[in-house]
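Remarks on the structure that follows.
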Amino acid sequence: MAERTEGERLTELAKRRGYYFGSSDAYGGVAGFYTYGPQGAALKSNVEDAWRDRFAVQEGNMEIDAPTIMPEPVFEASGHLDGFDDMLVECAECGESHRADHLIEDNSDLEDAETLSVEEAAERIADLGLVCPNCGADLAGQSVEDFNLMFETNIGPGSSTAGYLRPETAQGIFVEFPRIKEYARNRLPFGVTQVGRAYRNEISPRKSIVRTREFTQAELEQFVDPERDEPDLSSVEDVEVLLYPADEQQADDGDYVETTIGAAVEDGIVANAWVGYFLGVAQEWYERIGVDVDRFRFRQHLPGELAHYSSDCWDAESEVDGDWIEIAGFSYRSDYDLSKHAEHADEDFTVFRQYDEPKTVERAVVDPDMSVLGPEFGGAAGGVKQALETLAERDPDAFDADEVTVEVDGESYAVDTDVTNFAVEEQTESGEHVTPHVVEPSFGVDRTVYTLLAHAYEEDEVDDEERTYLSLAPAVAPRDVGVFPLVSNVDELVDLAEDIVDDLRTAGLSVFYDDSGSIGRRYRRQDEVGTPFCITVDRDGLEGDSETTVTIRERDSGRQVRVPVDALAAELESVRADDRTFADIAAEYEEVTNA
RNA sequence: GCACCGGUGGUCUAAUGGCAAGACUUUGGCCUUCCAAGCCAAUAAUCUGGGUUCGAUUCCCAGCCGGUGCACCA
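Going by my numbering, the residue at position 486 of the first sequence is 519; the numbering climbs one at a time, nothing skipped.
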């Protein structure tokens, strides 16, 4: 037992107890896809609900639900098409993989090797006599492989419209921004969330549900005015966090920085206040759902890891089996995403921001006489008009001369200044269009679930016997409570237990009824799936004149208290909602000491 | 994708070129006791395909799945 790693024991338990298992096993299985069993589906759904509550409801944000398939142009705009279309060539000697396009570009005057087909790239490599940069072996004859991490599909019959399964949920939000901003009444800041599946055709899925080809993300896109909006840090400034900044990672004796969100933002460790705000929110949220804070940190991206548009990015990481796994990313993305879509799509991805006072500005304008330009320039007239408008904005002085010259498609056109109707007009501007900046907290739901299970996995000894239990937080545990009659051959006990099951289910709790085998066995069963409480109906609770009582047993400690039947639903709900703890309940009622 | 190792009931293991064994779990029955240990019974497995062989779960090859390392993770 001791030799098996945490991950192996977890995988075994997950399979046996219905948390998750490899999909399509009946057909040999398929790498990178997992099915959540009854417990896992409930746990995951509880995690998603908890995330929704914190990042959508409590923040006053909007949630949308976009399709998982989107047409090709979306990913042309987002950069995923190019970004994923890497050509790799592998060295036969040392096994190292290299970007084929980069190798060719570095060793020839070709600038756009990315546009080559894989066959052409392989030919170039042979022609240029390229060798492996790692070991120097000849790369000629090695096949060049196309790497597209997006799943491609066809939309509709035939194959006219190419589509892709989204590699992240975020694009669904960015693409719909022009309409969503209307729902936000064009006022920044506002946040949009989405919880859903995303797909990446990973080369090598690993580590059970940590790296899969289909996974669930919970993402928030916070749209802010970069010049005006500041987060309200007051609610998180005292939150304590363990930071691992880039410079500490690079230092020989690099160490963590234990600080508070307020101090980290003030000291500039976390450069962006919005990022800092969400780190604080996330820290508290992770704690609440049961992440072990001693095995949790925020790690800053190293300069080399940063996407070129991102000025600061932090990952939330949890420790499992000595490895740190990324469970969320907090990225300042500037206006990159919306600007990209604005370039490619025919919609307005800006928000109109009104000035405090309308401004009067002088603006140079032209109103060319097309009845002259048309006959004179023919088909180029339209282009000339546009060029004149641009010129008036950029260089109004040019219109002081009798004649202005503009270039359209390489041709020069001279226009009589009178014909342009150049004028400097006073205009009233009430505001301006701004492209919002984006702060993106992006959570991996599956990895969060994995972390919760790994951090909840406990083994201890009760009466010299080994016990395995999942110390899951009541807020996310798949089952809220188990209900047992102490023995199954006493009708009174069974009847009352069944009544309690009905009552608790009516109250919205997830209840598991069990009357088979010894009571200890039933407790163990629930311990292993992580049910936080078990209610046992015994004779003692039915005797005497006072109200009927049953015992509630707490999973981690095994402590029991005797609680009136009428109080059960309210007590259990309050614990699930984090309003009370078992200790509060224990203090209020009589503790059972036999056992 | 490469390399190495592995793949037997739900789970963990055993064994075997000739009827595949055990433990735990599960289910039914008995029992009735607050922490998996009682009794009886039942269900349930050799990853897939090809080859060698009279016969393959076993040996060989390929694939699939899993673990580890490398690479990859925009």
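Backbone N, C-alpha and C fix where the C-beta goes; we use that ideal spot for every residue, glycine too. These numbers come from a predicted model, not from an experiment.
Status (buried if at least 16 other CB within 10 Å, exposed otherwise) for G62: exposed
Selection from N79, F54, F66 and V228 that minimises the alpha carbon distance to P100: V228
Cβ-Cβ separation, Y388 to V417 (assumed contact under 8 Å), whole Å: Wrong, their Cβ atoms sit about 34 Å apart, outside the cutoff.
Taking the beta carbon of R366 as the centre, do at least 16 other beta carbons fall within 10 Å, making it buried, or is it exposed? buried
Could you spell out the range, first to last residue, of the alpha helix (DSSP H) harbouring I302? Run containing I302: none; DSSP gives neither H nor E here.
Per the DSSP calculation, W357 is bridged to which residue(s)? E352
Alpha-carbon to alpha-carbon, A231 and G70: 20 Å
Could you work out which residue in A397, A75 and N454 is closest to E426 when comparing CA atoms only? A397
Cβ pair count under 8 Å reaching 3, the stretch 308-320 against the stretch 333-343: no
When DSSP builds the beta bridges, which residues end up paired with D449? E436
Chain-order list of residues whose beta-carbon lies under 7 Å from that of M34 (same chain, five-residue window excluded): Note that M34 scores 36 on pLDDT, short of 50, meaning its location in the model is unreliable; the coordinates nonetheless yield the value given after this. Result list for M34: empty, nothing under 7 Å.
Using a Cβ-Cβ cutoff of less than 6 Å, which residues in the same chain neighbour A279 once the five nearest sequence positions on both sides are dropped? Q333 and L335
Looking only at DSSP bridge pairs, what is T292 linked to? V274
For I242, the three-state DSSP class (helix, strand or coil): helix
Reduced DSSP category for M403 - H, G, I as helix; E, B as strand; rest coil: helix
In angstroms, rounded to a whole number, what distance separates the CA positions of D524 and G591? 26 Å
Could you compute how far the alpha carbon of A110 sits from the alpha carbon of L371? 10 Å
One question on the structure: do E291 and E273 come within less than 9 Å of each other, judged by their Cβ atoms? yes
Buried or exposed by the 16-neighbour rule on C-beta atoms within 10 Å, applied to A628: Here the model assigns A628 a pLDDT of 46, short of 50, so the residue's position is not dependable and the matter cannot be decided.
Which same chain residues, not among the five before or five after L46, have their C-beta less than 6 Å away from its C-beta? none
Are the CB atoms of V457 and E395 nearer to each other than 9 Å? yes
For H466, is the classification buried or exposed, using 16 other Cβ atoms within 10 angstroms of its Cβ as the cut-off for buried? exposed
Starting from S111, follow the alpha helix (DSSP H) in both directions and report where the run begins and ends. E105 to S111
Look up P429 in the DSSP assignment and say whether it is helix, strand or coil. helix
Give the range of the alpha helix (DSSP H) segment to which N79 is assigned. P71 to R85
Which class does L421 belong to by DSSP, given the choice of helix, strand or coil? helix
How many angstroms separate the CA atom of V353 from the CA atom of E576? 49 Å
When DSSP labels each residue in this structure, what does V248 get in the three-state scheme? Looking at the sequence provided, one finds Phe at residue 248 rather than Val. Note: F248 maps to strand in three-state DSSP.
Hey, how far is the Cα of D589 from the Cα of Q559? 11 Å
For S57 and V303, what's the separation of their Cα atoms in angstroms? 44 Å
Anticipated Cβ contact below 8 Å, D629 with L519, distance rounded: The shown model of the chain, from 34 to 628, leaves out residue 629, and the question about it has no answer.
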